[in-house]
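>
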């Protein structure tokens, strides 16, 4: 399914942004998807987030959390309870799969199931090489002057 907006001109003039355009094109599929189980996305601070999913009735062994490249997949498969005979069944007892797109450098820190609420802690871990750093200004000869001086030495020789 294609979105109403055509990203082809942008794909031609950018390099390395393919994943971004795929996410934008496929967002309409996610918006029309199923809304079970309901969830909250909470920003705790600048680098910490938490996803709370309402998974009442599920045990820890029935839930699987998988962190793939830039994607978090939470699946739940309910085991059969063959010994109970229901007169009415109003509590959702269906399997689910919920996918969350993760930004670069977002890692799953932990997961906890308590009182029917699955809490998944997420942390943004930016590598040292990508963090901003201060560059000291020293009394060193500018690089362009050093190149000119080296060129003059080789010309004299």
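Residue numbers (full-length UniProt numbering): 1 to 157.
Think of the CB as a built atom: it goes at the ideal place given N, C-alpha and C, for glycine as much as any other residue.
#1: By the 10 Å Cβ neighbour count, where 16 or more other Cβ atoms means buried, how is residue 98 classified, buried or exposed?
#2: DSSP state of residue 1, grouped into three classes?
#3: Does residue 118 pass the burial test, meaning 16 or more other C-beta atoms within 10 Å, or should it be called exposed?
#4: Closest to residue 47 by C-alpha separation, out of 105, 70, 96, would be which residue?
#5: Counting pairs of beta carbons, one from the region 111 to 128 and one from the region 56 to 74, are three or more of them closer than 8 angstroms?
#6: Could you say which of 57, 40, 56 lies nearest to residue 49 if we only look at CA atoms?
#7: Report the residue ranges of all beta strand (DSSP E) runs contained in full by the region 79 to 103; include only those spanning at least 3 residues, in chain order.
#8: Specify whether the region 86 to 96 and the region 54 to 69 touch according to this definition: at least 3 beta carbon pairs, one from each stretch, less than 8 angstroms apart.
#9: By how many angstroms is the C-alpha of residue 109 removed from the C-alpha of residue 138?
#10: Do the CB positions of residue 76 and residue 96 come within less than 7 angstroms of each other?
#11: By how many angstroms is the C-alpha of residue 125 removed from the C-alpha of residue 68?
#12: Taking the alpha carbon of residue 115 as the reference point, which residue from 66, 148, 53 has its own alpha carbon closest?
#13: Roughly how many whole angstroms lie between the Cα atoms of residue 6 and residue 132?
#14: Under 8 angstroms by Cβ, that's how I've got residue 63 and residue 102 pegged, so tell me the actual separation to the nearest angstrom.
Working from what's here:
#1: Reading the chain shown from its first residue, position 98 is the one you call residue 98. Residue burial annotation: residue 98 is buried, with at least 16 other C-beta atoms found within 10 angstroms of its C-beta.
#2: The sequence position of residue 1 within the chain shown is 1, counting from 1. In this prediction, residue 1 scores a pLDDT of 47, lower than 50, which makes its location untrustworthy; the coordinate-derived value is nonetheless stated afterwards. Looking at residue 1 - three-state DSSP - the assignment turns out to be coil, as it is neither helix nor strand.
#3: Translated into positions along the chain shown, residue 118 becomes position 118. Per the 10 Å Cβ criterion, buried.
#4: Position 47 of the chain shown, counted from the start, is the residue given in the question as residue 47. Checked all of 105, 70, 96; the closest Cα to residue 47 is 105.
#5: yes
#6: Locating residue 49 in the chain shown gives position 49, where the first residue counts as 1. Scanning 57, 40, 56 for the CA closest to the CA of residue 49 turns up 40.
#7: 96 to 101
#8: yes
#9: Here residue 138 refers to the residue found at position 138 when the chain shown is read from its first residue. Here residue 109 refers to the residue found at position 109 when the chain shown is read from its first residue. Their backbone Cα atoms lie some 41 angstroms apart in a straight line.
#10: In the chain shown, residue 76 corresponds to position 76, counting from 1. In the chain shown, residue 96 corresponds to position 96, counting from 1. Against a cut-off of 7 angstroms, the Cβ pair of residue 96 and residue 76 comes out as a contact.
#11: Your numbering for residue 68 matches position 68 in the chain shown. Your numbering for residue 125 matches position 125 in the chain shown. In a straight line, the C-alpha of residue 68 is about 16 angstroms away from that of residue 125.
#12: Sequence index remark: in the chain shown, residue 115 carries index 115 (1-based). Just measuring C-alpha positions, the residue of 66, 148, 53 sitting nearest residue 115 is 53.
#13: Position 6 of the chain shown holds residue 6. Position 132 of the chain shown holds residue 132. Approximately 35 angstroms, taken between the alpha carbons.
#14: Counting from 1 along the chain shown, the entry for residue 63 is found at position 63. Counting from 1 along the chain shown, the entry for residue 102 is found at position 102. Between residue 102 and residue 63 the Cβ distance is about 18 angstroms, and since that is not below 8 angstroms, they are no contact.
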